[in-house]
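Take a look at the structure set out below.
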Amino acid sequence: MPRTLELVGRRPISIESALDEKRNVVNWASYAVATDAFYKELWEQREVIGALVKDHLALGKRDVCSVLPPSQWIRGSLLKQGILAA
16 MPRTLELVGR
26 RPISIESALD
36 EKRNVVNWAS
46 YAVATDAFYK
56 ELWEQREVIG
66 ALVKDHLALG
76 KRDVCSVLPP
86 SQWIRGSLLK
96 QGILAA
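According to the working numbering, the sequence shown holds residues 16 to 101 in order.
Shown next, in the form of structure tokens:
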């Protein structure tokens, strides 16, 4: 069993520290798995996302709109921001 839990938005937390937290750390830790799955799905759909944004912005055939790698994405609490480069 791992001695730490991966948490979204902060460093991993030790089991001992998790016991002292006032938040529901087990629930919080489940977000990491869901977030990773969501990011993977977005990355797999990057060509469709780029094409959709390009069409929405009425960019021309010579214009390029591509999804940046996940390591460059800005995390937000509501929407994914900063995932495109035009």
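Note that CB positions come from ideal geometry on N, CA and C, so glycine has one too.
Nothing here was measured: the structure is a model prediction, and the numbers come from that model.
If the criterion is Cβ atoms closer than 8 angstroms, does the pair residue i and residue j meet it?
{"i": "TYR54", "j": "PRO85", "result": "yes"}
{"i": "ALA47", "j": "VAL23", "result": "yes"}
In or out: residue i buried (at least 16 other Cβ within 10 Å) or exposed?
{"i": "VAL82", "result": "buried"}
Between which residues of its own chain and residue i is the CB-CB distance below 7 angstroms, once the five residues before and five after are set aside?
{"i": "ALA33", "result": "LEU20, VAL40"}
{"i": "ARG18", "result": "SER29, ILE30"}
{"i": "THR3", "result": "The structure shown does not extend to residue 3, since the chain spans only 16 to 101, so no value can be given for it."}
Taking just the CA atoms, how far does residue j sit from residue i?
{"i": "ARG38", "j": "ALA44", "result": "11 angstroms"}
{"i": "VAL68", "j": "ASP78", "result": "11 angstroms"}
{"i": "GLY65", "j": "TRP58", "result": "11 angstroms"}
{"i": "ASP35", "j": "ARG90", "result": "26 angstroms"}
{"i": "ASP70", "j": "VAL63", "result": "11 angstroms"}
Under 8 angstroms Cβ to Cβ from residue i, same chain only, skipping five residues before and after it: list those, please.
{"i": "ARG61", "result": "SER81, VAL82"}
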